[in-house]
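Peer 1: As they're listed, the protein sequences go chains A, B and C. Under our numbering, think of the first position of the first sequence as 990, with each following residue one higher. Under our numbering, think of the first position of the second sequence as 990, with each following residue one higher. Under our numbering, think of the first position of the third sequence as 990, with each following residue one higher.
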Amino acid sequence: MRDFISMKDFTKGEILRILKLAKSLKENPQGNLLGDKIVSSLFFEPSTRTRLSFTSAAYRVGAKVLGFDSPDATSLKKGESLRDTIKMTGAYSDVIVMRHPIDGAARFATEVSNVPIINGGDGANEHPSQTLLDLYTIQEEMGKIENLKIAFVGDLKYGRTVHSLSKALSMFNCEFYFVAPDLIQIPEHILKFLNNRNIKYTLVDDYKDILPEIDVMYMTRIQRERFENLDEYEKVKTVYEIDKNSIVGKCKEEMIILHPLPRVTEINIDLDDTKHALYFKQAANGVPVREAMYAIALGKYHLDEDEMDVEKRDSISAHEEIQCKNNRCITQIEKTRNKVLEENGIKYCYYCGREIK
Amino acid sequence: MRDFISMKDFTKGEILRILKLAKSLKENPQGNLLGDKIVSSLFFEPSTRTRLSFTSAAYRVGAKVLGFDSPDATSLKKGESLRDTIKMTGAYSDVIVMRHPIDGAARFATEVSNVPIINGGDGANEHPSQTLLDLYTIQEEMGKIENLKIAFVGDLKYGRTVHSLSKALSMFNCEFYFVAPDLIQIPEHILKFLNNRNIKYTLVDDYKDILPEIDVMYMTRIQRERFENLDEYEKVKTVYEIDKNSIVGKCKEEMIILHPLPRVTEINIDLDDTKHALYFKQAANGVPVREAMYAIALGKYHLDEDEMDVEKRDSISAHEEIQCKNNRCITQIEKTRNKVLEENGIKYCYYCGREIK
Amino acid sequence: MRDFISMKDFTKGEILRILKLAKSLKENPQGNLLGDKIVSSLFFEPSTRTRLSFTSAAYRVGAKVLGFDSPDATSLKKGESLRDTIKMTGAYSDVIVMRHPIDGAARFATEVSNVPIINGGDGANEHPSQTLLDLYTIQEEMGKIENLKIAFVGDLKYGRTVHSLSKALSMFNCEFYFVAPDLIQIPEHILKFLNNRNIKYTLVDDYKDILPEIDVMYMTRIQRERFENLDEYEKVKTVYEIDKNSIVGKCKEEMIILHPLPRVTEINIDLDDTKHALYFKQAANGVPVREAMYAIALGKYHLDEDEMDVEKRDSISAHEEIQCKNNRCITQIEKTRNKVLEENGIKYCYYCGREIK
């Protein structure tokens, strides 16, 4: 039994073994791997893509799925705590996939659950299956993950996906370009993280100059609601839209375009039929990756425990007196043990991952 | 692989073979026919009956089902196009059943999907599984489809069901009575269609005179929202309500009453226990008919391609310059190739089927 | 085939055999018991816990599940009657589990359905699977059901769960304490029922004096919306909250605390890790109990018909002239036969169970 809460919980060796298992399941489907198991799919916040992908993955390894796709039809309306919902659902199933709007909800769930928890996204915090499928697609298409030049384009400030993927790629010595207007550029704490690991990166506000250099172009959606000034939104939106004309023939032959989807206008559909367009295949790769996650969560496949980052785990400690200040943190809502994670002398909330000042 | 978008795509021979396959599946259930397949059930518009019937059919041939039952919990809210939703879902499943409020949505889906599409109703346009189960029930109960006298009663103007079934029955040389008040009588384009095929029909505003003649009485619901004048609605509503007293002993012994359901007051429940009441059996027949559709869509059974109306298909062509004028057509929303279908010198939109003037 | 509508339909012997079957299914899972069957799960009113538990139970005996989790996405919006929804759904499945806000809806459904009905709660009336899992848990934990002292605490006036369980326990000669403020004390008709069976009971407004005596403490949630005066609610709420401090060491060693869940504040989470806290195990027991219900409903296991209370059944008769006065009764909504049940000279509505005066 193993939970999937954050990429931080996995070493480089473990990540590579997860991707290898996913590849094996993609090439040799195992329809009876989890034949007698039941998956709880708890979406406290709607997310069709993630939900259907996890369901498809469950079916493909022979599991059954129950749950809810939005909180409207749940006992939450009667005031039930996440604690009790998780305890109850654990009695009805063998593994829980959960999506929740509150940061740290998934980590908290592991403390009260009798069955493994797979985090399908907890607020602005973590979404490990997305990062794993991104890594999987890069490895499958580029033949490796190491030493690539990767541009992240669009909303880099709020994009949980970008934060998580860039941290994970830092294990593989990749070099980054962060392409965004100042307002939504990559946050300082990510840069600090990369600095600590001696990762090369460059911040730019246009992709044109760097386009010939990069191996992977990771596009993200710019959300109107992030902008106070709508004129600025309209200006920025256009700058970060790509199409056939702006890409084909101007980038490396083998450059791939990724996107966590859904896209709106940032990738023109005229790119869809080009060889660079990998975003739909990327979404499809979510299925074998999630099959692998189920297999590991339910103990059908064991990651080598030797490589676990035991030191980091040992540094976790409960400090009753330290309360995380993040208003969107589960510690503000549920009774937890206020655990703190220390790294390089800095304290982070064990649940939501935010620095505690 | 074969899509089910419109009855127009099937020849008479093909229709009969679909019904035969449905009969065979009803009599000899094949629980493992699609054992390793996944059905996407995408209801962009709620429809319990159609959805549950397609799900039951999938289960009965051994398939698994994922999807959504209303658009509330989907990425559509984030602005995702139908194009991308279909592409994504195709990666998670082997066949897509879709219900959509926009005319032509299903046809458009076939152009972007990697997996077969089954139309579970697209706006006011087509709902082929309903027509097939209507035909199935008529054949099973009357022993034939040819040369029957069929009365359509109620809302004939807006009833997609009536339009589609009357066109399909025209292949079988049936004779029609269209029983409705002027305001909601059968539209001119259906009559033109029947005229072109030399089909006999009569328009009446009361069923009493024709009741002794008919073999099938196809009832439909009169929807209040169609009427600007509620007094008129109340008057009309009562005229087109039938009950035991108005039917039994006044029609042929073997006459059957059909209804696409849900009914409200147009068929009194005192008729439910009479031998004429076939509407619940008709709904039940939706299950084997949809099993057959899955089997054909997924290539487990092949319709004889010789009989395909190849000529009609060849006449489809993309005219970039011709834009369909139907405000509810998918061509107004998604980027399509504006294809046009020509028949007897008239141009129809390939997607929504409306005449392009 | 056997319906599960009300505990009244089962003799003591039958109840014990249901619990025995549940125990057997818990100890020896039978994943293929209902392998080819389809369950309709119709939640006309949301209830996550009950729904997921019935779904989990179906999966564990090999059945498939279709249906809806709230009425929002159903044809009910088009005005479809419960009668027709049940008839339709029966055509798509082998057994129907239904939750409905109207009293008597489940009993009515048995009259129009071709497949067995399992009542997952009908308004304020009955919820037999809850009572069965309560009995199951008591038997499993205490080793017996007979001759126990049981305290019901909290909202005893509106709590369907309490009414049903106390009646069922009266077959086992248990003694009751009803612990509640006057405003929400146990209703007169329950006391009359117990009096008729010579059951000992005591009404108190605090649990402290009786705590050392009792074997089972059955807690319930006090709902704010029951109170006109919110000050009174706040006062009462606190009185009926228990925690580690108020319970541990002050009750019998083997006393168990039950709760139908969801709880809000009436049981402090500091009790969760004590041996008295049985409420999560109680919820988990819902799964094997519901497996047993499916097995019996679908004729895989037969309760001994000899023990059926045939006399009671014979006393049911249709009195067209007697209309139940309960505004929330299904007889006010659907066309029924207005059946009446007579017991000890008192007339009860056959559907909603209310006395007809």
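Note that beta-carbon positions come from the ideal geometry of N, C-alpha and C, so glycine has one too.
Run down chain A in chain order and give the residues with a C-beta less than 9 Å from the C-beta of Arg1096/C.
Peer 2: Here the question's residue 1096/C lines up with position 107 in the third sequence. What Arg1096/C touches in chain A: nothing, since even the nearest Cβ is about 25 Å away.
Peer 1: Between which two residues does the alpha helix (DSSP H) harbouring Val1278/A extend?
Peer 2: To locate residue 1278/A, count along the first sequence from 1; it is residue 289. Looking at the DSSP string, the run of the alpha helix (DSSP H) that includes Val1278/A is 1268-1286.
Peer 1: So what does DSSP say about Gly1336/A, is it helix, strand or coil?
Peer 2: Numbered from its first residue, the first sequence carries residue 1336/A at position 347. Before going further, note that residue 1336/A is Lys rather than Gly in the sequence given. Three-state DSSP puts Lys1336/A in a strand.
Peer 1: List the residues of chain B whose Cβ lies closer than 9 Å to the Cβ of Arg1072/C, in chain order.
Peer 2: Along the third sequence, one-based indexing puts residue 1072/C at 83. Correct list: Ile1258, Asp1261.
Peer 1: From Asn1136/B to Glu1130/B, what does the alpha carbon distance come to, in whole angstroms?
Peer 2: As a first step, residue 1136/B must be located in the second sequence, where it is residue number 147. As a first step, residue 1130/B must be located in the second sequence, where it is residue number 141. Looking at the two C-alpha atoms, the distance is approximately 14 Å.
Peer 1: Ordered along the chain, which non-local residues of its own chain (more than five positions away) have a Cβ less than 7 Å from that of Arg1072/C?
Peer 2: Here residue 1072/C is taken as the residue at index 83 of the third sequence, counted from 1. So the qualifying residues of the chain are Val1101, Glu1323.
Peer 1: At what residues does the beta strand (DSSP E) containing Glu1164/C begin and finish?
Peer 2: Within the third sequence, residue 1164/C is the residue found at index 175, counting from 1. It spans 1164-1168 - the beta strand (DSSP E) in which Glu1164/C sits, taken as one unbroken run.
Peer 1: Just verifying my parser: in three-state terms, what is the DSSP assignment at Val1050/A?
Peer 2: One-based indexing of the first sequence puts residue 1050/A at position 61. Three-state result, Val1050/A: coil.
Peer 1: By Cβ distance, which residues of its chain are closer than 8 Å to Ile1134/B, with the 5 residues on each side in sequence left out?
Peer 2: Looking up residue 1134/B in the second sequence gives position 145. Here the set comprises Leu1124, Ile1127, Gln1128, Leu1158, Phe1161, Cys1163.
Peer 1: Drop a sphere of 10 angstroms on the beta-carbon of Ile1106/B, count the other beta-carbons inside from all chains shown, and report buried for 16 or more, exposed for fewer.
Peer 2: The residue labelled residue 1106/B in the question sits at position 117 within the second sequence. Ile1106/B comes out buried.
Peer 1: Let me make sure I understand the geometry here. Which of Glu1069/C, Glu1255/C, Leu1008/C has the alpha-carbon closest to that of Pro1249/B?
Peer 2: Counting from 1 along the second sequence, the entry for residue 1249/B is found at position 260. Nearest option by C-alpha distance: Glu1069/C.
Peer 1: Smallest Cα separation from Pro1117/A: which of Leu1287/A, Asp1262/A, Ile994/A, Leu1200/A?
Peer 2: Locating residue 1117/A in the first sequence gives position 128, counting from the first residue. Checked all of Leu1287/A, Asp1262/A, Ile994/A, Leu1200/A; the closest Cα to Pro1117/A is Ile994/A.
Peer 1: Starting from Ala1307/C and walking both ways along the beta strand (DSSP E), at which residues does that stretch end?
Peer 2: The residue you call residue 1307/C lines up with position 318 of the third sequence. First-last of the beta strand (DSSP E) with Ala1307/C: 1305-1307.
Peer 1: Scan the segment 1155-1186 of chain C for residues whose Cβ lies nearer than 9 Å to a Cβ of chain D and list them as they occur along the chain.
Peer 2: Chain labels in this structure do not include chain D; the protein chains are A, B and C.
Peer 1: Helix, strand or coil for Leu1145/A? Go by DSSP, reduced to three states.
Peer 2: Position 156 of the first sequence, counted from the start, is the residue given in the question as residue 1145/A. Here Leu1145/A sits in coil by DSSP.
Peer 1: In its own chain, which residues sit with a C-beta less than 8 Å from the C-beta of Tyr1147/C, not counting the 5 before and 5 after it?
Peer 2: Numbered from its first residue, the third sequence carries residue 1147/C at position 158. Here the set comprises Ala1113, Ile1173, Gln1212, Arg1215.
Peer 1: Determine the burial state of Ser1030/A: buried for a count of at least 16 other Cβ atoms within 10 Å of its Cβ, exposed for fewer.
Peer 2: Within the first sequence, numbered from 1, the residue matching residue 1030/A stands at position 41. Counting Cβ neighbours within 10 Å, Ser1030/A comes out buried, since at least 16 surround it.
Peer 1: Cys1318/A bridges to which residues according to DSSP?
Peer 2: Taking the first residue of the first sequence as 1, we reach residue 1318/A at position 329. Note: Cys1318/A sits in a beta bridge opposite Asp1092/A.
Peer 1: Can you pull the DSSP bridge partners for Ala1011/C?
Peer 2: For this step, residue 1011/C is matched to residue 22 along the third sequence. None, per the DSSP bridge assignment.
Peer 1: Rounded C-beta distance between Ala1095/B and Asn1103/B? I'm assuming under 8 Å.
Peer 2: Position 106 of the second sequence holds residue 1095/B. Position 114 of the second sequence holds residue 1103/B. Not really, about 15 Å apart at Cβ, beyond 8 Å.
Peer 1: Am I right that Ile1203/B and Ile1246/B are in contact with their C-beta atoms under 8 Å? What's the rounded C-beta distance?
Peer 2: Indexing the second sequence from 1 puts residue 1203/B at position 214. Indexing the second sequence from 1 puts residue 1246/B at position 257. Incorrect: roughly 10 Å between the Cβ atoms, too far for contact.
Peer 1: Determine, using beta-carbon pairs with one atom in the segment 995-1013 of chain B and one in the segment 1277-1284 of chain B, whether at least three such pairs fall under 8 Å.
Peer 2: Yes: at least three Cβ pairs fall under 8 Å.
Peer 1: Can you tell me which residues form a DSSP beta bridge with Asn1108/C?
Peer 2: In the third sequence, residue 1108/C corresponds to position 119, counting from 1. Answer is Met1087/C, bridged to Asn1108/C.
Peer 1: Using a Cβ-Cβ cutoff of 7 Å, what residues of the segment 1215-1236 of chain C are near chain A? List them in chain order.
Peer 2: Within the segment 1215-1236 of chain C, no residue qualifies.
Peer 1: Determine, for Asp1058/C, whether the minimum Cβ-Cβ distance to residues of chain A falls below 8 Å.
Peer 2: Here residue 1058/C corresponds to residue number 69 of the third sequence, with the count starting at 1. Closer than 8 Å: yes.
Peer 1: Based on DSSP bridge pairs, tell me the residues matched to Val1237/C.
Peer 2: Position 248 of the third sequence, counted from the first residue, corresponds to residue 1237/C. DSSP output for Val1237/C lists no bridge partner at all.
Peer 1: With 8 Å set as the bound, which would you pick, yes or no: does the beta-carbon of Ala1284/C sit closer than that to a beta-carbon of chain A?
Peer 2: Taking the third sequence and counting its residues from 1, the one referred to as residue 1284/C is at position 295. False, the Cβ-Cβ gap to chain A never drops below 8 Å.
Peer 1: Which partner residues does Tyr1190/C have in the DSSP bridge list?
Peer 2: Along the third sequence, one-based indexing puts residue 1190/C at 201. Answer is Phe1165/C, bridged to Tyr1190/C.
Peer 1: Could you confirm whether any beta carbon from chain A is found closer than 8 Å to the beta carbon of Ala1080/B?
Peer 2: Within the second sequence, residue 1080/B is the residue found at index 91, counting from 1. Chain A, which has a Cβ nearer than 8 Å to the Cβ of Ala1080/B, makes this yes.
Peer 1: Which same chain residues, not among the five before or five after Tyr1048/C, have their C-beta less than 6 Å away from its C-beta?
Peer 2: Along the third sequence, read from residue 1 onward, the residue named residue 1048/C stands at position 59. If we look at Tyr1048/C and ignore the five residues flanking it on each side, it has no Cβ neighbours.
Peer 1: When DSSP labels each residue in this structure, what does Leu1031/C get in the three-state scheme?
Peer 2: For the purposes of this step, residue 1031/C is identified with residue 42 of the third sequence, where counting begins at 1. In the structure shown, Leu1031/C sits in a strand (DSSP, three-state: E or B).
Peer 1: Pull up the DSSP beta-bridge partners for Leu1055/A, would you.
Peer 2: Along the first sequence, read from residue 1 onward, the residue named residue 1055/A stands at position 66. Paired residue(s): Ser1029/A.
Peer 1: Taking 8 Å as the threshold (beta carbon to beta carbon), is Leu1055/A in contact with chain C?
Peer 2: Counting from one through the first sequence, the residue named residue 1055/A turns up at place 66. Yes, its Cβ sits closer than 8 Å to a Cβ of chain C.
Peer 1: Against Gly1020/C, what residues of chain A qualify as contacts under a CB-to-CB distance less than 7 Å, listed in chain order?
Peer 2: Your numbering for residue 1020/C matches position 31 in the third sequence. Here the neighbours are Asp1025.
Peer 1: Let me know the secondary structure DSSP gives Glu1323/A once reduced to three states.
Peer 2: Here the question's residue 1323/A lines up with position 334 in the first sequence. Coil.
Peer 1: Is Glu1069/B close to chain A, meaning its C-beta is less than 8 Å from at least one C-beta of that chain?
Peer 2: Indexing the second sequence from 1 puts residue 1069/B at position 80. It does: the Cβ of Glu1069/B has a partner Cβ on chain A nearer than 8 Å.
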